[in-house]
Every structure is written in structure tokens, then in C-alpha cells.
Amino acid sequence: MNAQGSGQEAFLPVLRLEEISRSFGGIQALNDVSFEVAPGAIHALIGPNGAGKTTLLNVITGSCPPDTGAAFLGDCRLNGRKPHERVSLGIARTFQNIELFGSMTVLENVLVGRHVKTRCGFFGAMAGLPGCSLEERKARQRAHELLDFVGLSEAADWRSTDLPFGWQRFLEIARALATGPKVLLLDEPASGLNPVETSTLCDLLRKIRENGVTLLLVEHDMNLVMEISDRVFVLNHGMKLADGTPCEIQANEAVISAYLGRERMGGKCSACAI
Amino acid sequence: MRYLILMAGVLAAGFGLSSPYQIQLLTFIGINSLLALGLNMLMGYAGQISLGHAAFFGLGAYVTGVLTAHFHWSPWLALPVAILLTAAAAFLIALPLLELSGFYLGMGTLGFGMIGYVVFRQWSSLTGGDSGLVGIPSLELGPLSFADAKNYLFLVWAVALLCIFLCDRLIHSRIGRALRAIHDSERAASSMGIDTGRLKVHIFVLSAVMAAIAGFLYAHLVSFISPGSFDFLVSIRIVTMVVIGGMASVWGALLGASVMTILPETLTVFTEYEMIVYGLIMITIMIVIPQGLFRGILDIYERARFRTGSIPAGPQA
């Protein structure tokens, strides 16, 4: 978790997408989508299935290059940069279907996340250079701190796939945080979690924001989205349908008819009142 | 600690053994360990299969063989040339091949192995073709002559132990974790900022270089090499050593190489049925302990320890 920049930067978007389009064969997955992500806030990306949410995440992480349009992290143009380069620039992600390193322990998973923050190469490791062992000690210390942060420190030596499903989600978040991101992309972080775990997740996401990391989550759990988001983007058929605060989104007629549905309106007002 | 035990073991065996046959067998185990260790770094850790490793083994052997037998170079000058040439070949092969994965990578490397074999056979002006390359000198270092079987045994094992030591260090480093991450999930590895393509090429080259060193040691041990020692079956045998000993374990490579070197020798009592018994043992290992002998034994120990451990509380943010 990097400390976010000084006050004057606060108004610059940390992540900016300009007129992104992407089609797969005849299907227009994204059509001229532009939006800006303000630093230090929690953003949610919602929309019906097939609206292009995951494609948009993949455009940001670089695993799916856009046909047209540009993406920026701060002032840095992302187009043409490979996924691993974007991680060192400060974009981290978690996966919808958890992708942990199954042969490794919980701690080692987080240590892999420190890859971009460490330098030791083939020869350094083989020669056992003092710089490498110092770096390794620091990485371990940081990994323990992060496990502590997500509440998994006691399971550090477990094999990662032995963790219960919900904990694996938290581990994935710790691992992503280990890369020291400016922006953390979460692909459906609450799916498969029970209500208790979801509320723990909610608290965790707020704590991450307090540490200066900007969050962008794709999520279907509307209670979670409306409760924690500072701003919500709605995608439909690959196009931006709306962009606003949770209250504005819940009052938006177009969003209600396309996605939220009329019957959900009643229950949502309480979240809005907070 | 483990290195001391192993070193003591090799020394004891070297001075204790008197039969030339046993000494040679132990020397071959050392050479095979190098091959298995190199392939294990690629296959066991990075999860990239190579069915053409015999070509790198052969390249190391032929480069030093040709340079010393035809051009009368010193073997110690031929060694760096063999290493560099093999590394360059591996690098060029790896660039296109490692774009592939799974069966396709297997087929691609298999094709490379075949090409290597054909080149060793057909480039007869240099390699001697099917009749082989003779007159490779034995190694000498000052007053120390490695023509003596025991000295050669110590040399091979010193190299093997050094390589095990270096690989062990590599595995327990940032690079080693990145390699295992590629094995587990390439997508997740690249989302952690690991340059998967580059790292795969690097480990392929390292693996090939270790095979070339094994080839160098082999050529100067037997002083005669022919294409048959580097054919497709040899590649398969190296893969089998890795699989039997256990993937992702340096000590497993040692164990696999020992088993695969000793087994065919001891099975000669079965004469005609040798291959059948040999095959059955492999099938049994694959079914009962697919993670390999070394890992299998270790897992049983770990599971016993895990059961007695306490269960921590869940995440609390």
C-alpha cells in the first residue's frame, strides 16, 4: 500500500480510460467507454451479466488490449504495456475464480506478491549475496504484516489450498496488496462469501482505502456496493449507462430498468441514508 | 548439513568401493543426477516439459568431443565453449517453443531432440556419424589425473553437489518462488508482476546448460561417444528420473537418477523380462505416489505433523 500523493494530486484521476472499445468477433464487448477513477476512493463497476465488466478489468490489467481508446495510470499511458509491467506501475488485481498458488503456503503466496518490489536475480540468489538475504528478510516481514492486516497471520504456514474458501479470498487480497498497488482491482470479491465474511470484507476494503489504495470492484452484491462505494459506474451492453454516487445510481431510471429492477428500490433507501 | 552427509557418503563410497564396476555406476549416478536436476528445475519447478533434453546433453558432449579430439583443444577451454554454445542454442529454441504449453510444448521439444539426434548422426565429418567419435582425452588438472576412476568419481560428485547446492539456493529465493508460481497459475503469476515469458526462457537455458555440463563429464569419462547415447529414449529416461524421484525437489532428482541408474543394472537377473519389471515399477510408483518417491515420503511426514497442529481462528479485519 503506497501512501497516496500530496494534496494537489488529489484531484487528478489515478486511473483514466478514454473511449475504450473492444469487440470479440461480432460482439461489441466494450463500446466507447470512458471513465475516471479518483484517488483514495472505493469505486464499483456494476451491470448485468455480459455487460463487459470483466473485459474492462482485463483492459486495465493489460491481458486484453483494446481495439481503440487509451488507458492511463496517473499520467502514464498504459497502452502497449504488458500485464506484468502494469503491476510494477501499481495496478494489482484479484480473480473472480480464486487463483492462488496451490503448491505454496499462505506466506509464500504473499511473498510472490513482493516480486515486483524485490530485485534479486538468478546469480544473486545462487551466490547468496547479502543484499538478497536482506531483501528476503524484509519481504518476509512485509508479508507477515499483510497477513496480519487481512487476519490470516495464524494460517501463515498452511498450504494455501487447505484454507476455507472465504479465507482464500482474503489471501488473494493480501497477495495483491503485497505488490504495493496504487489501484487494486477486485473481480467479484464477495461472491461465495457468507454474510459474516462479507461484512469482514467490507471492513477490510475500508481499511485498504484508509491506507491510500484506490479500489475498483466489480460486484453483484448490491448491498455491499451501495454500502461501501464512493462512486458507482454502470455498464450495459458494453456502454456506460450511468456514473454517480450510490444514491444517484439508485434513483437513476435507466439503471433501474436495465439492472437494479423496481422491486429493489424499497430496501436500498436505508443504505443511502448512511 | 545434508550436504555434509552426502559428501561424507560419496567420500566413504569412493574410498570403500574397490570394484571398478561399482565406481563407474556411482559416477554415472552423479552424471544422471546433473541431468535430472537440470530438467527438474524446468519441469518440476517451472512446469515446462522438455522431451528433447538429450540433445543438450549431446551438444555438450559433442562440442567438447570435437574440440578436444579433432582440434586438440584443452578440455578446460572446450568446457566454456560447450556451455556457451548450448546456452545460445537453448535460448534460440526457447524463444519460439516456450510460447507453447502442455502437449504442444512436449511435441515441440521432442522435435528439437530429434533434430539434435539427426545432426549428431549425419554431420559425420565432425561427429563421426553412426560410428561415433573416438579419442576424447581424459581430464587432467595439473598433477591430478582424472583418468583414475576414483578421482573422476570425486570430480563428478563435486560438480553434482555444487549444482544441487546452487539450485537449492535458487529455489528458495524470489526466482524460485516465481518459477513455482508459473507452474501453479501462469495467469496469476503475471498478475503478480512476474515476467513469465522471460523467466521461462531463463530457466530453460539454465536447464540446458546443466545438461551440457553433464555431457562434458560424460564425454571425458567414456572417451567415445555415438549418437545412440543421445537419442529420444535418453530424453525419456531423464524425464522418468524426474518423475520417479519427484518433481520440484532437488533431492528427488538425486533419488530418481540413482533409481534409474541402478534399476536397469540390478534387473539383469530377469534378463528377458527386464523391461516388463522396469515398466511395472514405474506404473506402481505413478499410481501409488504420483508426487514421486522423495516428496511422497516427505508428505506422509508432513501430514502426520499437520494433524497434531492447532487450528487457527479465521480472518478478522
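Respectively, the protein sequence lines represent chains H and E. Under my numbering, the first residue of the first sequence is numbered 1, with each subsequent residue one higher. Under my numbering, the first residue of the second sequence is numbered 275, with each subsequent residue one higher. Note that CB positions come from ideal geometry on N, CA and C, so glycine has one too.
Best match in the options for proximity to residue i [C-alpha to C-alpha]
i, options, result
"A310 of chain E", "E:M560, E:W397, E:A486", "E:A486"
"I208 of chain H", "H:G74, H:V150, H:E248", "H:V150"
"A352 of chain E", "E:A362, E:A363, E:G339", "E:G339"
"M521 of chain E", "E:L491, E:Y552, E:I563", "E:I563"
"L241 of chain H", "H:L193, H:A41, H:P48", "H:P48"
"R276 of chain E", "E:F439, E:L374, E:L366", "E:F439"
"C64 of chain H", "H:T55, H:F72, H:A71", "H:T55"
"S103 of chain H", "H:D157, H:I91, H:F72", "H:D157"
"L280 of chain E", "E:V433, E:I367, E:G326, E:M317", "E:V433"
"G212 of chain H", "H:A127, H:L177, H:L129", "H:L177"
"V196 of chain H", "H:A174, H:E172, H:P13, H:G166", "H:G166"
"Y552 of chain E", "E:Q565, E:G566, E:T535, E:F568", "E:T535"
"L193 of chain H", "H:E253, H:V234, H:P39, H:N97", "H:N97"
"C437 of chain E", "E:G416, E:G566, E:S399, E:M484", "E:M484"
"S412 of chain E", "E:P349, E:V524, E:F302, E:S398", "E:P349"
"D442 of chain E", "E:G526, E:L379, E:G502, E:L366", "E:G526"
"G25 of chain H", "H:R16, H:E136, H:D67, H:V33", "H:D67"
"L201 of chain H", "H:L73, H:F170, H:L260", "H:F170"
"Y391 of chain E", "E:I499, E:L278, E:G321", "E:I499"
"I228 of chain H", "H:G40, H:F72, H:V14", "H:G40"
"S293 of chain H", "H:L260, H:I173, H:H237, H:P130", "Residue 293 of chain H lies beyond the residue range present for chain H, which begins at 1 and ends at 274; the question has no answer from this structure."
"S133 of chain H", "H:T118, H:P13, H:F95", "H:T118"
"A421 of chain E", "E:H327, E:S399, E:Y492", "E:Y492"
"R16 of chain H", "H:I27, H:Q28, H:L57", "H:L57"
"F345 of chain E", "E:S399, E:L473, E:I571, E:I367", "E:S399"
"T105 of chain H", "H:M226, H:N252, H:Q168", "H:Q168"
"L358 of chain E", "E:G376, E:A368, E:V337, E:H457", "E:V337"
DSSP-derived helix/strand/coil call for residue i
i, result
"G334 of chain E", "helix"
"N31 of chain H", "strand"
"I256 of chain H", "helix"
"A282 of chain E", "helix"
"I445 of chain E", "helix"
"L366 of chain E", "helix"
"M275 of chain E", "coil"
"N58 of chain H", "helix"
"L435 of chain E", "helix"
"Q565 of chain E", "coil"
"M265 of chain H", "At M265 of chain H the pLDDT is 47, less than 50, meaning the model places this residue with poor confidence; the figure from the coordinates comes in the next sentence. Residue state, collapsed to three classes: helix."
"M222 of chain H", "helix"
"E546 of chain E", "helix"
"E172 of chain H", "helix"
"L572 of chain E", "helix"
8 Å Cβ cutoff met for residue i and residue j
i, j, result
"G69 of chain H", "E36 of chain H", "no"
"G52 of chain H", "L30 of chain H", "yes"
"A343 of chain E", "H115 of chain H", "no"
"R81 of chain H", "T61 of chain H", "no"
"G288 of chain E", "L372 of chain E", "no"
"A363 of chain E", "L333 of chain E", "yes"
"A455 of chain E", "F386 of chain E", "no"
"H476 of chain E", "F122 of chain H", "yes"
"A462 of chain E", "E85 of chain H", "no"
"L107 of chain H", "A139 of chain H", "no"
"S160 of chain H", "N109 of chain H", "yes"
"G230 of chain H", "I20 of chain H", "The question names Gly, but residue 230 of chain H is Asp in the sequence shown. In this structure, I20 of chain H does not lie closer than 8 Å to D230 of chain H by Cβ."
"A531 of chain E", "T360 of chain E", "no"
"I305 of chain E", "L427 of chain E", "no"
"A125 of chain H", "I449 of chain E", "yes"
"I574 of chain E", "H494 of chain E", "no"
"L308 of chain E", "E539 of chain E", "no"
"T514 of chain E", "M556 of chain E", "yes"
"I46 of chain H", "E219 of chain H", "yes"
"V508 of chain E", "T301 of chain E", "no"
"F506 of chain E", "F394 of chain E", "no"
Residue(s) in a DSSP beta bridge with residue i
i, result
"I20 of chain H", "H:V33"
"D243 of chain H", "H:F233"
"I46 of chain H", "H:V234"
"V183 of chain H", "H:I91, H:T214"
"L15 of chain H", "H:V37, H:L73"
"R159 of chain H", "H:T105"
"I499 of chain E", "E:L407"
What runs of the alpha helix (DSSP H), each 4 residues or longer, lie entirely inside the region 60 to 139 of chain H?
83 to 89, 106 to 113, 122 to 127
What are the complete alpha helix (DSSP H) segments, minimum 4 residues, inside the region 292 to 354 of chain E?
294 to 314, 327 to 343
What alpha helix (DSSP H) runs, 4 residues minimum, are completely inside the region 377 to 422 of chain E?
398 to 401
List in chain order: all unbroken alpha helix (DSSP H) runs of 4+ residues lying wholly within the region 448 to 516 of chain E.
448 to 458, 460 to 465, 470 to 496
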